[in-house]
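Here is the structure we will look at.
Numbering (UniProt numbering), first residue to last: 1 to 639.
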């Protein structure tokens, strides 16, 4: 008998070999019809794959993320098949599923793919999908695989790095591809496809290699799903932070300054300052001390921390002094500097925890093709802090940081997020520093703290920092893509590398534990997602300009200035539109520029010491005295 353990812990027994489809049928015919992929002992596989030993099985439908992964990976095969029918000399490389859809990297040689070709490829994909061809995965020897792809240097390179027993091909219809597996049962499930765009991509992400064409697509089991996705895509374009940032005067980029280095305009700077003040106040109440560190550091600092060994090749290269032969680096991380600040003092257990906070700007090299607005830049500011505590204090400190992140997210409207426990890759420990014992302690602390706070978490292996595991807060943007914003990390390793210590109650030296944390993550990425989530309609307390005064003629500009000064004296910020334009146009322009309040002033308002109030999205609120408006505003803007 073969025992199959399901996710809920229940066990089903079968005589002889069984497939995931058989398991689904044993539960219900409806589930069998909807099952498109399966996880067997943690590996994604086809539902027709025989299971010959006791195993754990998870059945996947379109509603599961891993089900979508299989669906989109299979659709990448359909895309590659269609491309070869139109471009038989094209060289295929890889075609994975991604978070939303799939892509295939192709070397088109002397030919070029343009947007006008998308429709014919879509039609061909659907034409082939209707054949309802089965995806068939089978093993191939290394010699046969190399022979099959003798004229394709990309596939040959992939195969050369594999061993006999590790190589499989997948065939459907008249198309065969080198593939690891994880497909839907047949092509007929794919009912709607869309080629989204094509972009340049270097082979294996190395700019020294040839540039290929990356063709992006998405597919669905129903046309209705595609229609809804395209509608969301249009909404996402409207909310794109790059578009809104330009329209609202938040930030800009300059080729002369350099790619990936944002320039913060006056409104964007005001927005950043408000965010910094908001978090600074919360940190003060939580016992943080503020520090400042340089924008560069000696190379040896990052050798000690391990950043040079792990990231040196991908960092900006060292700056050498003209005469002394010293080497400095643009600061890629704040934590080594904070370790050195800790070392300035001599601490006892009674002094801990020490909490050092800094809005520190760091610099990391990103390939130009990877840069994307504010979400991926080369210079960014982290709301960084490092807590040095005793092992006994670790759990309480970690839970307090979770509370701080939740406070930030609540007040900024971030509700759609996933809490991710990011652990090291158990099969590739060379990527990390430190002992197994320290990693185990750090990982257990994170898992326990998250459970204590009632967080629903997902576990991702291989996503830890090189010095310790993390609790990452993954927030969705307007397109549903996940971005890491807040992060909390437990680190037993940097205190060892920097020889940090405190005097314990036994009068002996002990190592502190280090918590790295950043509720925003980076100011740049946080503001990008905030822009897209709010479509530029920021919470009232955060809006860079909270009001605009609209005098109905130039005769009332002086009164507008008087009102503006009264509001500014109560820390309500805004401006006056004294253009020689009709009031209706001023109101329309104010709506477009997303000012929360429009205060219209004329003769009646000047006589009565009042303002006529319009609120964006609500319309006319009537006349109020300036004092009453200040009271109303402060009530509405309260955090």
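A virtual CB, placed ideally from N, CA and C, is assigned to each residue, including glycine.
The structure displayed is predicted, hence computed values, not measured ones.
Whole-angstrom distance between residue j and residue i, CA atom to CA atom
{"i": "residue 590", "j": "residue 477", "result": "26 Å"}
{"i": "residue 128", "j": "residue 92", "result": "18 Å"}
{"i": "residue 510", "j": "residue 334", "result": "23 Å"}
{"i": "residue 172", "j": "residue 156", "result": "21 Å"}
{"i": "residue 440", "j": "residue 544", "result": "45 Å"}
{"i": "residue 449", "j": "residue 399", "result": "6 Å"}
{"i": "residue 40", "j": "residue 435", "result": "31 Å"}
{"i": "residue 57", "j": "residue 393", "result": "40 Å"}
{"i": "residue 574", "j": "residue 126", "result": "55 Å"}
{"i": "residue 303", "j": "residue 331", "result": "13 Å"}
{"i": "residue 533", "j": "residue 480", "result": "11 Å"}
{"i": "residue 104", "j": "residue 153", "result": "16 Å"}
{"i": "residue 80", "j": "residue 61", "result": "24 Å"}
{"i": "residue 430", "j": "residue 496", "result": "18 Å"}
{"i": "residue 186", "j": "residue 35", "result": "12 Å"}
{"i": "residue 353", "j": "residue 326", "result": "35 Å"}
{"i": "residue 371", "j": "residue 258", "result": "12 Å"}
{"i": "residue 584", "j": "residue 295", "result": "49 Å"}
{"i": "residue 503", "j": "residue 401", "result": "25 Å"}
Inter-residue CB distance, residue i and residue j (contact presumed, cutoff 8 Å)
{"i": "residue 59", "j": "residue 38", "result": "6 Å"}
{"i": "residue 220", "j": "residue 192", "result": "5 Å"}
{"i": "residue 421", "j": "residue 446", "result": "6 Å"}
{"i": "residue 183", "j": "residue 46", "result": "5 Å"}
{"i": "residue 159", "j": "residue 178", "result": "7 Å"}
{"i": "residue 101", "j": "residue 216", "result": "6 Å"}
{"i": "residue 500", "j": "residue 339", "result": "6 Å"}
{"i": "residue 362", "j": "residue 213", "result": "So it is not a contact: roughly 33 Å between Cβ atoms."}
{"i": "residue 360", "j": "residue 329", "result": "At roughly 14 Å, the Cβ-Cβ gap does not stay under 8 Å, so residue 360 and residue 329 are not in contact."}
Close-in-space but distant-in-sequence residues of the same chain around residue i (CB under 8 Å, 5 per side omitted)
{"i": "residue 559", "result": "551, 601, 605, 606"}
{"i": "residue 487", "result": "470, 471, 472, 473, 516, 517, 518, 521"}
{"i": "residue 365", "result": "314, 315, 316, 378"}
{"i": "residue 111", "result": "87, 89, 90"}
Secondary structure of residue i, DSSP reduced to three states
{"i": "residue 144", "result": "helix"}
{"i": "residue 107", "result": "strand"}
{"i": "residue 346", "result": "coil"}
{"i": "residue 8", "result": "coil"}
{"i": "residue 475", "result": "strand"}
{"i": "residue 208", "result": "coil"}
{"i": "residue 304", "result": "helix"}
{"i": "residue 339", "result": "helix"}
{"i": "residue 548", "result": "strand"}
{"i": "residue 505", "result": "coil"}
{"i": "residue 197", "result": "strand"}
{"i": "residue 291", "result": "coil"}
{"i": "residue 73", "result": "helix"}
{"i": "residue 273", "result": "helix"}
{"i": "residue 537", "result": "coil"}
{"i": "residue 241", "result": "helix"}
{"i": "residue 187", "result": "helix"}
{"i": "residue 383", "result": "strand"}
Residues near residue i by beta carbon distance below 7 Å, same chain, minus five either side
{"i": "residue 443", "result": "423, 469"}
{"i": "residue 50", "result": "17, 19"}
{"i": "residue 15", "result": "1"}
{"i": "residue 418", "result": "458, 474, 482"}
{"i": "residue 164", "result": "141, 142"}
{"i": "residue 598", "result": "548, 550, 587, 590, 614"}
{"i": "residue 262", "result": "251, 253, 374, 377, 524"}
Residues that residue i bridges to, as DSSP identifies them
{"i": "residue 423", "result": "461"}
{"i": "residue 329", "result": "297"}
{"i": "residue 115", "result": "Per DSSP, none; premise fails for residue 115."}
{"i": "residue 22", "result": "DSSP, once it has assigned bridges, lists no residue as partnering residue 22."}
{"i": "residue 489", "result": "470, 516"}
{"i": "residue 39", "result": "44, 58"}
{"i": "residue 264", "result": "251"}
{"i": "residue 125", "result": "Paired residue(s): none; residue 125 is not in a bridge."}
{"i": "residue 633", "result": "None, per the DSSP bridge assignment."}
{"i": "residue 202", "result": "211"}
{"i": "residue 408", "result": "DSSP, once it has assigned bridges, lists no residue as partnering residue 408."}
{"i": "residue 354", "result": "388"}
{"i": "residue 170", "result": "137, 177"}
{"i": "residue 448", "result": "BP columns for residue 448 are empty, so no partner."}
Contact set for residue i: own chain, Cβ-Cβ below 6 Å, skip 5 residues either direction
{"i": "residue 586", "result": "550, 577"}
{"i": "residue 465", "result": "489"}
{"i": "residue 381", "result": "359, 361, 523"}
{"i": "residue 7", "result": "58"}
{"i": "residue 623", "result": "610, 612"}
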